[in-house]
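Student: Residue numbers (the numbering used here): 11 to 122.
We put the beta carbon where it would ideally sit given N, CA and C, even for glycine.
Only a predicted model underlies this, so the values are computations on that prediction, with no experimental measurement involved.
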């Protein structure tokens, strides 16, 4: 129900606001579907909580090579509309390993 969803959002918001050591959230987006309404709701919540986050497109291998730039551009355009989102969108594939080294490097830098 909407009441339950609102209660969950408020609980998550309170959790995020209370985590001063939380440096970044990686929001995983299925590249085959693109950014969905539910993703935007999470992004709005992270913006409101002032928690930095980056979009990570997953399953990029399931998209034809010619369509990948469009998928990245679409996600980047959505990220640009959100105050706490990083400008750069990562594209990854667990199957082929594409983008995983870059993502690991990025996350490791945050951990130091």
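Could you check the C-alpha separation between residue 72 and residue 99 for me, to the nearest Å?
Tutor: Whole-angstrom Cα-Cα distance: 17 Å.
Student: Give the secondary structure of residue 65 by DSSP, where H, G and I count as helix, E and B as strand, and everything else as coil.
Tutor: Here residue 65 sits in strand by DSSP.
Student: In the DSSP assignment, find the unbroken beta strand (DSSP E) run with residue 39 in it and report its ends.
Tutor: Segment 35-40, the beta strand (DSSP E) holding residue 39.
Student: Count the other CB atoms, across all protein chains shown, that sit within 10 Å of the CB of residue 93; report buried if there are 16 or more and exposed otherwise.
Tutor: So residue 93 counts as exposed.
Student: Using CA atoms only, rank isn't needed, just tell me which of 66, 20, 51, 34 is closest to residue 101.
Tutor: Measuring from the Cα of residue 101, the nearest candidate turns out to be 66.
Student: Between the alpha carbons of residue 114 and residue 53, how many angstroms are there, rounded?
Tutor: Taking the straight line from one Cα to the other gives about 22 Å.
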